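One structure below.
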Amino acid sequence: MEVFSDPVVLARLQFAATALFHFLFVPLSVGFGLIMAILQTKAAKSGDVHDVALARFWLRIFTVTFAVGVATGITMEFSFGTNWADYSRFVGDIFGAPLAAEALFAFFLESVFLGVLLFGRNRVSQRFYTVSAWLVWGGSCLSALWIIIANSWMQTPAGYEVVETAAGSKAVMTNFFEAAFNPSTIQRYLHVVMALLIMGAFVAIAIAAYYKLKNRDDIFASKLLRVGVITAIATTVLMLPAAHMQAVAVVENQPAKLAAMEGQYETGPVELSLIGWVDESAQKTYAISIPGGTSFLADFDFTTEYPGLNDFPVDEQPEGVNFIFQSYHLMVAMFGLIALVVLLALLVMFDKLQGKKWVLRILQFGWIAPILAIEFGWVVAEFGRQPWIVYGELKTADAISQSVSATQLLITLALFIIVYVIIYVVWAKIVLKTVKAGPSVYLPEEQAKAGEEA
Amino acid sequence: MSALAILWFVLIAVVMAGYFVLDGFDLGVGVLYPFLGKNEQDKAIMRRAIGPVWDGNEVWLLTAGGALFAAFAPAYATSFSGFYLAIMLVLMGLILRAVSLEFRAYADNKGIWDWTFFVGSLLPALLFGVAVGNVMAGIPLNANGDYTGTFFGLLTPFTLICGVLGLVQMLFQGACWVSLKAPLGSDLRASASKLRYPLGIAALLVFVIATVLWFTTVLPGSSAEIGLTSLAFIFAFMYVIVMVLAIGMGSGSSSCDLLAFILTEAGCVCLIGLMAATLFPNLIVATDPALSITIASAAGSDVTLGAMTVIAVIGVPLVLFYHVLVYRKFAGRITPEDLAH
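Note that the protein sequences, when read in sequence, are chains A and B.
The first sequence begins at 9 in the numbering used here and counts up by one.
The second sequence begins at 1302 in the numbering used here and counts up by one.
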């Protein structure tokens, strides 16, 4: 098949596969991290045996997840050099600095203090331990900031000029702050981090719902549910302005992406579709929609006109318009589900839905909505940017490593898939096993019992 | 060649030395793990010896990669894409290693994760040296800076012996670390410290072979050269001295554990210094010297290097502070109480 002999397609496939897989664990690390730090703080404050056991239980889930996040993150940092050498040559002057800063300001913070959480319970004071928990979470948020800075620069480059050198053209930084805080950095960061935190809260809710369904670990379920619901409410509400700002940033800076997201081919007011289908060959979009709705959201005017796809040269239009359209609308639909699940979880927390098992079942699987929204969001952001790798400056097709053959890419793609599938299965088994065993194994009497048996 | 660019050449060498010094010993422990860890107790001590610190140590590699990308992007692009399969093997090793210790704690079949921990440590420990050997000896590049040779073209006697040198040095570091952390009077400490003697001799021997190969097979008729001859000589000389002293610490007495470890680490710094002095002002030597990637040809703009300098001035002291803080919290030999947690 042609797909398997085109290095550009294979390099993109490999990046998409490894990034989407890594992006399963990032939300869990950042999202779990906040819950972990909150639970640890509560445990340190109250000293209650149940609080302590719950914090230790959650730490176990957090650390095994974090390890996978670290392992799959190294791939991403290496991949720019291995698979995207010409990209690295073009953007190195701008893109490298945030990666170096991420390692220096974020990775060290996370990794060094994670060591304390894992092994330091008998070595450091409780205060030091609790501060370490917050530092690990703070590190993961900083990590997200630097990587969003780098990604946003690819979407809305700023603070640079393109110069011609003997070895070809390259982007050169003219202003660090303009490059780092380019027109979409802040919006994108808030949007992404809220999504990650929602995901963490939803897993806490799911575990609590599971215990409630099984009528076990009642105290733990209620404690976990409370933390999960409060975090979920706060982040879901904050997501509304964050998402709005991000959408406006797209409208203002990436018109071709906006046109693809709503399947708009000609200039005009942009519809707000709920559900639909883009017939790419006929250049028509069939949708249930509010005419001018997106224009209204962006500009508070239903008649504001925005360019359609045909306003861009054919070789500057995103491919797979229907794919982008569907991903975008599924992401929004998932947010609708998220809001619904948060509402149900709130009612369960106040004991309003006693005996309604189906509600607990929905909560148990509610986490599927945010993780899908996160992955769809990535697809919209990155596919919508195509055919550019740096919007308006460098095409993806001109960015790969010329010294790496299609065969090599195919081999490593297969290797990644095999290794990642194994890692995923083992990780999932460990998390399920830990959840099934429950936080009660960390209660003093259970620990004593286990000690006697051993 | 601006002063900022030279500063970043030095800084990247410093970060690489930091990586070698810190992650070197835990990679070494990983490779020694199946050989020294004869029973569950010993294995647990070895895991605990690096458990709290290995992850932070590994970040030095990511920092070096990021700094190279930022300061000398063409060198980053050429080396990572040129050593493609080798880098992928390193990557697979690092991935397996990162999950091994964590997965092992919960897994039913612990043997698998012991094995992946070993392989995941061996691959990077061996291959980093091969990469360095190639960068120094010269590789075929085209005008775009792309490697034009094959995977097996990277494996010459000199580059392989550089790989072995890196591995043996890390094994030496690992043996010293285990001697330093294992409980006094334990069999593990005794067998680890006994390894110091043969590993030290082996490292020196491999170093001599590498030097001979460099002067006989690499230098004549190639574009490779020694950039700063006297500095390179000083580092080489210091390496030998330091290693002789480390071997002189003997293999028995526990009072020398700390000093032997420090001396081995000093040896790592000398090796990186030797690499940097030899390469200067090149970053990657090309078979055709006109195509070599140099500090001048690859350096980022002064705006970027200036911003990076500010980042480093703020970040590096912070990082050193975390390291000192946490290493002190975990200082001393491992106690039964540590293992219970």
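Built from N, CA and C at the ideal position, the CB exists for glycine as well.
Computed from a predicted model, the values in this text were never measured in an experiment.
Below 8 Å CB to CB, which residues in the same chain sit around residue i once its five sequence neighbours on both sides are set aside?
{"i": "L1468(B)", "result": "V1332, L1423, A1426, L1427 and G1430"}
{"i": "M181(A)", "result": "D101, I102, A105, G167, Y168 and A187"}
{"i": "T1588(B)", "result": "G1439, I1440, P1441, L1442, S1523 and S1524"}
{"i": "S289(A)", "result": "none"}
{"i": "H337(A)", "result": "S281, L282, I283 and G284"}
Quick one: Cα of residue i to Cα of residue j, how far?
{"i": "A1483(B)", "j": "R1490(B)", "result": "5 Å"}
{"i": "K403(A)", "j": "P395(A)", "result": "6 Å"}
{"i": "F1534(B)", "j": "P321(A)", "result": "60 Å"}
{"i": "Q1470(B)", "j": "G1325(B)", "result": "8 Å"}
{"i": "A1444(B)", "j": "S1303(B)", "result": "23 Å"}
{"i": "N183(A)", "j": "L112(A)", "result": "21 Å"}
{"i": "R369(A)", "j": "D225(A)", "result": "17 Å"}
{"i": "E260(A)", "j": "L107(A)", "result": "27 Å"}
{"i": "I382(A)", "j": "F391(A)", "result": "14 Å"}
{"i": "M202(A)", "j": "A422(A)", "result": "33 Å"}
{"i": "G1568(B)", "j": "F1473(B)", "result": "10 Å"}
{"i": "V57(A)", "j": "L232(A)", "result": "14 Å"}
{"i": "N190(A)", "j": "Q410(A)", "result": "30 Å"}
{"i": "V1513(B)", "j": "G1574(B)", "result": "19 Å"}
{"i": "P378(A)", "j": "P249(A)", "result": "17 Å"}
{"i": "A255(A)", "j": "S281(A)", "result": "14 Å"}
{"i": "L1485(B)", "j": "V1322(B)", "result": "24 Å"}
{"i": "N1(A)", "j": "I397(A)", "result": "No information on residue 1(A) is available, as it lies outside the stretch 9 to 462 that chain A covers here."}
{"i": "D1639(B)", "j": "L1337(B)", "result": "20 Å"}
{"i": "A462(A)", "j": "F127(A)", "result": "With a pLDDT of 49 at A462(A), under the threshold of 50, the predicted position of this residue should be treated as unreliable, though the coordinate-derived value follows. Each residue's alpha carbon lies about 21 Å from the other."}
{"i": "A1547(B)", "j": "G1319(B)", "result": "19 Å"}
{"i": "L1455(B)", "j": "G1329(B)", "result": "24 Å"}
Counting only the same chain and skipping the five closest in sequence on each side, list residues whose C-beta sits under 7 Å from that of residue i.
{"i": "G1528(B)", "result": "A1578, T1579, L1580, F1581, P1582 and N1583"}
{"i": "A229(A)", "result": "A216, Y219 and K220"}
{"i": "V144(A)", "result": "G41, E118, F121, L122 and L125"}
{"i": "E454(A)", "result": "S448"}
{"i": "M1544(B)", "result": "G1501, A1504, L1505 and G1568"}
{"i": "A347(A)", "result": "T244"}
Please work out which residues of its chain come closer than 6 Å, Cβ to Cβ, to residue i, disregarding the five sequence neighbours upstream and downstream, and give them in chain order.
{"i": "L36(A)", "result": "T73"}
{"i": "V349(A)", "result": "G374"}
{"i": "S151(A)", "result": "E110 and A114"}
{"i": "W1355(B)", "result": "D1327"}
{"i": "A405(A)", "result": "V16"}
{"i": "V237(A)", "result": "A353, L354 and M357"}
{"i": "M247(A)", "result": "M202"}
{"i": "A306(A)", "result": "V256 and V259"}
Helix, strand or coil for residue i? Go by DSSP, reduced to three states.
{"i": "G77(A)", "result": "helix"}
{"i": "N1358(B)", "result": "helix"}
{"i": "M1550(B)", "result": "coil"}
{"i": "Y1320(B)", "result": "helix"}
{"i": "A179(A)", "result": "strand"}
{"i": "K292(A)", "result": "strand"}
{"i": "T1565(B)", "result": "helix"}
{"i": "L1485(B)", "result": "coil"}
{"i": "L47(A)", "result": "helix"}
{"i": "G344(A)", "result": "helix"}
{"i": "E454(A)", "result": "helix"}
{"i": "P277(A)", "result": "strand"}
{"i": "E110(A)", "result": "helix"}
{"i": "A462(A)", "result": "At A462(A), the pLDDT of 49 sits below 50, so the modelled position is not reliable; the number obtained from the coordinates is stated separately. Three-state result, A462(A): coil."}
{"i": "T1579(B)", "result": "helix"}
{"i": "T1595(B)", "result": "strand"}
{"i": "D465(A)", "result": "Limits of chain A in this structure are 9 at one end and 462 at the other, which puts residue 465(A) out of reach."}
{"i": "Y314(A)", "result": "strand"}
{"i": "L361(A)", "result": "coil"}
If you measure from the CB of residue i, is any heavy atom of the ligand GDP nearer than 7 Å?
{"i": "L440(A)", "result": "In terms of ligand content, the structure shown is empty, and the ligand GDP therefore cannot be addressed."}
Point to revise | 4 or more residues per run - each alpha helix (DSSP H) lying fully within the region 1400-1462 of chain B | key: With a minimum length of 4 residues, the continuous alpha helix (DSSP H) runs that stay inside the region 1400-1462 of chain B are 1411-1438.
Exercise for review: Could you tell me whether the region 409-419 of chain A touches the region 42-51 of chain A, where touching means 3 or more Cβ pairs closer than 8 Å?
Suggested key: No contact exists between the region 409-419 of chain A and the region 42-51 of chain A.
**Study point:** Stretch pair the region 1344-1355 of chain B + the region 1474-1481 of chain B: three plus CB contacts closer than 8 Å
**Key:** Yes, the region 1344-1355 of chain B touches the region 1474-1481 of chain B.
Review point. Which runs of the beta strand (DSSP E), 3 residues or longer, sit entirely within the region 135-183 of chain A?
Key: Fully enclosed beta strand (DSSP E) runs of 3 or longer: 168-173 and 176-181.
**Study point:** Touch test, the region 314-330 of chain A against the region 261-277 of chain A, Cβ-Cβ under 8 Å, three pairs minimum
**Key:** Under the 8 Å Cβ criterion, the region 314-330 of chain A counts as touching the region 261-277 of chain A, having at least three qualifying pairs.
Check your understanding: With a cut-off of 8 Å, do at least 3 Cβ pairs link the region 1602-1621 of chain B to the region 1556-1566 of chain B?
Key -> No, because fewer than three Cβ pairs between the region 1602-1621 of chain B and the region 1556-1566 of chain B fall closer than 8 Å, the two stretches do not touch.
Review point. What residue ranges within the region 1499-1553 of chain B form continuous beta strand (DSSP E) runs of no fewer than 3 residues, ordered along the chain?
Key: Along the region 1499-1553 of chain B, the beta strand (DSSP E) does not occur as any fully enclosed run of 3 or more residues.
Review point. Are there three or more Cβ pairs, one per stretch, closer than 8 Å when the region 1366-1385 of chain B is compared with the region 1305-1319 of chain B?
Key: A contact exists between the region 1366-1385 of chain B and the region 1305-1319 of chain B.
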